[in-house]
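Going by the numbering used here, the first residue of the sequence shown is number 189, and it counts up by one from there. Below you'll find the structure, written out as structure tokens, and then a few comments.
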Amino acid sequence: MKNLKKTIAMISSVVLAGSVFAACGGKTETPAPAEGGADTTAAAPAEGGETEAAPAEGGETEAAPAEGGDAAATDKLTVLCWNTDDIDPMLKLFCEKTGHSADEFNVKSFGCGGGEAAENYDAYLADANNDADILFVEADWALKYINDDNATQALSNIGFTDADYADLYDYTIEIGKSSSGVQKGLSWQAAAGGFCYREDLAEKYLGVTTPDDFQALVSDWDKFMDTAAKVKDASNGETALTSTLSGVWQVFSAGRSNPWVVDNKLQLDDECRKYIDLAKTMYDNGYVIKDLAQWNTDWYAAGQTDTTMGYFVSTWGFGDAILTQAAGGEGGATYGKWKVVVGPQPFYWGGTWATVATRCNNPELAKEFISFFTTNAETAQAYSESKGEYVSNQKAMEGVLANGSYTGVGVLGGQNQFETLNVVAAGINMKGGITPYDSVIKQAFNDAVTQYCQGNYADVDTTIDEFVNSVAASLPDLDYSNFD
């Protein structure tokens with residue numbers, strides 16, 4: 189493949205130079221976390237960040253000071269996290285329901301975006317005297333720690349059994365497994381997503397008035413594309429069906445059944461090639477807003493005008509992270525005018541897994557805390573209802589829906605998003621499709637396709653060349669012979 193061998197040959201010297209720089213106390217910049225791909229120019233919310241922060245080499249990189257200062261081994265349960273958005277409400281409910289005290293916990297929050305956490309964790313864990321019992325890890329870089337026995341241990345070591353996982357959504361279990369099949373992490377979240385659309389624009393341009401009718405128009409990618417064309421024509425080109433290619437790729441990539449790497453070889457399946465054609469068609473025809481950067485001010489502002497009909501949104505995005513902000517906030521221009529449907533396929537976006545540190549010295553409390561939010565349906569339901577979060581325990585979510593205690597968010601105008609997400613979460617299948625390299629490869633592919641759509645690459649072959657070269661620069665130990 190053009191330039192590939194040259195690229196790989198250059199990598200060793202680059203890596204060596206970087207190692208020398210780190211050894212001399214140099215500090216590398218961590219890029220802003222990017223949930224959606226190449227067109228991202230602003231930092232994304234922590235829950236869904238795709239960009240993997242570079243691990244600190246040898247623990248040399250300085251970590252931001254964690255709350256509570258450096259911690260020697262302690263009887264307290266030490267939880268490592270990037271910010272306190274999750275741990276604060278979790279601790280509050282856990283202590284209320286169990287009688288434990290917050291004084292039994294030591295929260296080590298590094299005050300950063302989720303994509304930067306790995307760098308900080310590495311620096312913190314490099315000191316064997318620093319206490320750590322539970323590590324919160326994000327979906328896109330969870331396997332970095334789950335596959336490292338020096339960092340995390342099997343959940344069975346603290347008393348979990350396979351029977352404990354019976355009520356959890358399958359995909360959340362799969363992502364928490366090491367490459368050898370050992371369960372090392374459990375998520376309390378099921379970050380299922382759907383397609384959120386403006387119901388007033390759907391009625392105006394498509395003549396539909398209910399979510400069921402709208403879902404029929406976007407229930408697979410062919411129908412989604414047909415509907416995008418209708419919206420463009422009916423609006424005289426003023427309205428795109430969805431906002432960005434990055435959002436489309438987040439959903440489309442979740443439907444891939446083949447892993448990116450097999451037997452250490454990079455793979456590019458037919459689904460990826462299909463996406464290249466789909467993305468180019470959407471971009472060229474104005475089915476997305478051209479060159480709009482996800483997470484920036486214009487991206488959110490599009491939801492307050494008629495320039496886009498919809499966004500792909502995960503469970504954490506129904507609040508201020510995406511949809512409410514895109515509507516202009518409570519009382520904003522389009523607040524209450526949105527609805528959510530399953531869309532062309534089930535997908536998840538982000539999510540956090542709790543893993544148990546190998547150095548954990550408080551296994552009983554660690555198990556009780558993790559179980560409270562995951563395997564215990566009763567307390568997981570209480571957490572869902574108290575925080576308005578879609579949790580990983582299917583039995584808990586069925587309980588929430590059955591008792592009607594949660595009625596949805598105001599931006600959806602009375603619709604309960606949990607009813608839609610319940611359908612999506614049950615349909616997500618990640619078995620056998622996860623590798624430790626997914627974050628890097630998935631981002632590189634989206635970057636290359638976006639460049640192609642913007643006219644910076646001449647053809648599909650060049651796009652694939654550049655994709656492979658980009659991955660090779662980041663992951664030189666993989667085998668790229670499939671692309672010779």
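Here a beta-carbon is modelled for each residue, glycine too, at the ideal position from N, C-alpha and C.
Linking ILE652 to GLN455 through their CA atoms gives a straight-line distance of about 11 Å. Counting along the chain, ALA584 sits inside the alpha helix (DSSP H) bounded by residues 582-591. Beta-bridge analysis with DSSP links ARG386 to TRP526.
If the five residues before and after TYR471 are omitted, its C-beta is found closer than 7 Å to the C-beta atoms of LEU433, LYS478, CYS641, all from its own chain and listed in chain order. The DSSP-derived three-state label of TYR393 is helix.
For ASN610, the enclosing alpha helix (DSSP H) starts and ends at 605-615. For a cut-off of 8 Å, the C-beta gap from ASP321 to VAL406 is around 44 Å, too long to register as a contact. Residue pairing for ASP667: DSSP places it in a beta bridge opposite LYS453. If you keep only unbroken beta strand (DSSP E) runs of at least 3 residues inside the region 282-328, you get 293-297, 322-326. Note on geometry: alpha-carbon atoms of ASP355 and LEU609 lie some 16 Å from one another.
Residue state for GLY498 is assigned as strand, using DSSP reduced to three classes.
Below 8 Å, enough C-beta pairs join the region 613-621 and the region 348-367 to call them touching: three or more.
Take GLY516, set aside five residues on each side of it, and the residues of its chain with a beta-carbon closer than 7 Å to its own are GLN492, THR522, TYR523, in chain order.
Where GLY516 is concerned, there is no enclosing alpha helix (DSSP H), because DSSP gives it neither an H nor an E. Between PHE383 and GLY505, the C-beta gap is not smaller than 8 Å, which leaves the two residues out of contact. When only Cα atoms are considered, GLN482 and GLY287 end up about 43 Å apart. In the same chain as VAL588, and ignoring 5 residues on each side of it, the C-beta atoms closer than 8 Å to its own belong to GLN569, SER572, GLU573, TYR594, PHE606, in chain order. Counting C-beta pairs with one atom in each stretch, the region 394-402 and the region 438-457 have fewer than three that are closer than 8 Å, which means they do not touch.
In terms of Cα proximity to VAL476, the closest of ASP494, LYS462, GLU459 is ASP494. THR360 carries a helical assignment under DSSP once its states are collapsed to helix, strand and coil. Shortest Cα-Cα distance from TRP376 to any of GLY425, PHE298, VAL325 involves VAL325. Per DSSP, the beta-bridge partners of THR340 are ALA545. Between PHE293 and VAL439, the C-beta gap is not smaller than 8 Å, which leaves the two residues out of contact.
One thing to note: PHE500 has its Cβ no nearer than 8 Å to the Cβ of GLY369. With contacts defined as CB atoms closer than 8 Å, GLU387 and LYS525 qualify as a contacting pair. Beta-bridge annotation (DSSP): THR651 is not paired with any residue. Taking a contact as a CB-CB distance under 8 Å, the pair SER559 and THR496 does not count as one, their CB atoms being some 42 Å apart. By the Cβ criterion, the region 632-641 is in contact with the region 457-468, since at least three pairs of Cβ atoms, one from each stretch, lie closer than 8 Å. Linking THR427 to ALA327 through their CA atoms gives a straight-line distance of about 33 Å. Burial state of ASP667 is exposed, judged by a 10 Å Cβ sphere holding fewer than 16 other Cβ atoms.
Assignment of LYS365 by DSSP, reduced to helix, strand and coil, places it in the strand class. 8 Å or more divides the Cβ of ILE629 from the Cβ of ILE363. In this model, GLN371 and LEU313 are separated by some 21 Å (Cα to Cα). In the three-state reduction of the DSSP assignment, VAL476 falls in the coil class, being assigned neither a helical nor a strand state.
Rounded to whole angstroms, the separation of the alpha carbons of SER289 and ALA330 is 29 Å.
Counting of Cβ neighbours within 10 angstroms places THR349 among the exposed residues, the total staying below 16.
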